[in-house]
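In my numbering, the protein residues as written are 1120 to 1610. To start, the structure itself, in structure tokens.
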Amino acid sequence: GRPELGLSPSRGGPLAKNTLFLVELLPPKKEPALRYLDGGGPRPRRLARAVVFFGGEAHPNVTELAVGPLPRPTFYRPLRSPGGRPVPFSSRPMTQGEYEGLRRALAVATEPLYRLLREATGHWFHNCSRRCLTFSDIAPRGLGPGERRSWLVLQRSVEGFFLHPVGLEVLVDHRDPDPARWEVQRLWYNGRYFSTPEELARSYERGTLAVARLEELPARGLFSGYEPRGSFSTGTPTHVHGAKVCEPQGRRYRLRGNLLEYGGWSLAFRLRSSAGLQLFDLRFNGERVAFEVSVQEAIAFYGGHTPAAMQTKYMDAGWGMGSVSYELAPGVDCPEVATFLDAHHLYDADGPVRFSKALCVFELPTGVPLRRHFDSDFQGGFHFYAGLEGHALVLRTTSTVYNYDYIWDFLLYPNGVLEAKVHATGYIHATFYTPQGRRYGSRVHRHLLGNLHTHLVHYKVDLDVAGTGNSFETLEVRLENISNPWSPGAR
């Protein structure tokens, strides 16, 4: 350890302390990496990127450090931040410790609202047993630099709680490292704003509040649950297994550590805790076609009538998008015959945490021939038929960023095509339905609005086709009006 950093355990204790938040591999710069890979240079030193929360300093900040050489570090140095300025402590990602503080703050703030919550929703925060409330938070946390104010959406704590908002949203200022100084600044309930919980409670007691009384939830068959229910009108069976992937003669790919080979393809891969899958040194038949292809960011912008909805602009790398790579289920997330790989993350923890079956690799029949031709003799017969089965090798992981489950795929085809694909599933980020909200989404349940939003996914693609001296250009096609060379006078 380095005593001059004054590091404390991440879990427990105050927020105003120095903690190690994130550690992940820091790839070497491209030029020395290529010199080594192509046999002309030394092996680059392996370094780690460490993100440290300096919350116990006179000027709290977030600092990124390069630490090395691995596996036995002897030095560290600051990494230059964008703009060259320190990252303020108020801009740090959330931790489990801070979430626990927000839960306690909500429990205190909703004490005056106990009767309203119990009678209108059937759920509350205090001695709630199986009728508890929970919450979701949104970002950005404020409207200007230095702020750390979060709108919290209260929800009934049931399966799929993301789809069970109760109509109450609370704005908490939690910039101060001391949770005792956090304060509720605003509340929104069923279309109205209030300055304090007491003001909202008085409105309810006086009978001047438009109360949204929620129906009792069923014990089974909850609409937000994953328990299969119902049947198709055609009567086709739903209780038997569908088609499965098999490998009748064994695997046609090879895994050696993080080196993956399939057909003409070879590449190295890793799962970065901050952002997700990275591919390096991608070659086809021994020739490098890309130095790096990697997931960088997933962004979602929302609109809505509630304060949380109109404020939501998620940038998921800031929520540890690569570190939430939870276990993949054989037969559902990946075929049973897939190869499953574990991952290790050090993210908001006091040491590396093993994530079992975080990645999988499998060969997938595409269902479409790679090539085919039927050469007809136009007399009811044919000269020949030829075709090649269509297959692709899939490297897959997932990111469960709270409500959303992103499924990240890289597909390798035997003809030299590489495809990057992402599937968005899980639960929608939804808010409480009000008539005014219809302008910003669709009513998907009695008290639920599916908010209009846009997803942006960013990849880094560093192509090295036939060397590193590549450029990129776009070509525009337009109509050309010329004389017909084989029919004079025609154009």
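Ideal placement from N, C-alpha and C gives every residue a C-beta, glycine not left out.
Going by beta carbons, Tyr1381 and Leu1531 fall inside the 7 Å limit.
Within the same chain, Cβ atoms closer than 8 Å to the Cβ of Lys1432 are found at Ala1258, Pro1259, Ile1418, Ala1419, Phe1420 and Tyr1421, the five residues on either side in sequence being excluded. Separation of Ser1442 and Val1285 (C-alpha to C-alpha, rounded to the nearest whole angstrom) is 30 Å. For Tyr1433, the enclosing beta strand (DSSP E) begins and ends at Lys1432 to Met1434.
In this structure Arg1558 is exposed. Its beta-carbon is surrounded by fewer than 16 other beta-carbon atoms within 10 angstroms. CA-CA distance, Gly1395 to Ser1518, rounds to 8 Å.
For Thr1229, no alpha helix (DSSP H) segment is defined, and its DSSP state is neither H nor E. DSSP places Ala1462 outside any alpha helix (DSSP H); the residue lies instead in the beta strand (DSSP E), whose first and last residues are Thr1458 to Tyr1466.
When DSSP states are grouped into helix, strand and coil, Phe1281 belongs to the helix group. Listed in chain order, the non-local C-beta contacts of Phe1281 below 6 Å within the same chain comprise Asn1522 and Tyr1546, local neighbours out to five positions each way being set aside. From the listed residues Met1440, Thr1315 and Val1303, the smallest Cα separation to Asp1524 is found for Met1440.
Segment contact: the stretch 1454-1462 against the stretch 1364-1375, three or more CB-CB distances shorter than 8 Å; contact assigned.
Close CB contacts of Trp1438 within its chain, under the 6 Å cut and outside five residues either way in sequence, are with Val1520 (chain order).
With respect to the 7 Å criterion, Val1513 and Asp1494 are not classified as neighbours on the basis of their beta carbons. When only Cα atoms are considered, Pro1190 and Arg1165 end up about 8 Å apart. Taking 3 residues as the shortest admissible run, the stretch 1539-1565 contains the following complete beta strand (DSSP E) segments, listed from N- to C-terminal end: 1549-1551 and 1560-1564. Selection Val1206, Ala1169 and Pro1197 evaluated against Val1181 yields Val1206 as nearest (Cα-Cα).
In chain order, Glu1278 and Gly1279 place their CB closer than 7 Å to the CB of Gly1344, counting only its own chain and leaving out the 5 sequence neighbours on each side. Around the C-beta of Arg1490, fewer than 16 other C-beta atoms lie within 10 Å, and the residue is accordingly described as exposed. Under DSSP, the beta-bridge partners assigned to Gln1274 are Thr1253 and Pro1284. Assignment of beta-bridge partners to Trp1243 by DSSP yields Cys1251. Only residues of its own chain outside the window of five on either side were considered, and among them Leu1144, Asn1377 and Gln1397 have a CB closer than 7 Å to the CB of Arg1389, listed in chain order.
Of the other Cβ atoms in all chains shown, 16 or more fall within 10 Å of the Cβ of Cys1453; this residue is therefore buried. Apart from sequence neighbours up to five positions away, the residues of its chain that approach Asn1404 with a beta-carbon distance below 7 Å are Gly1383, ordered along the chain. Around the beta carbon of Leu1262, a 10 Å sphere encloses fewer than 16 other beta carbons of the protein chains shown; the residue is thus reported as exposed. Unbroken beta strand (DSSP E) stretches of 3 residues or longer found wholly inside the stretch 1367-1409: 1372-1375, 1378-1381, 1384-1391 and 1395-1403, given in chain order.
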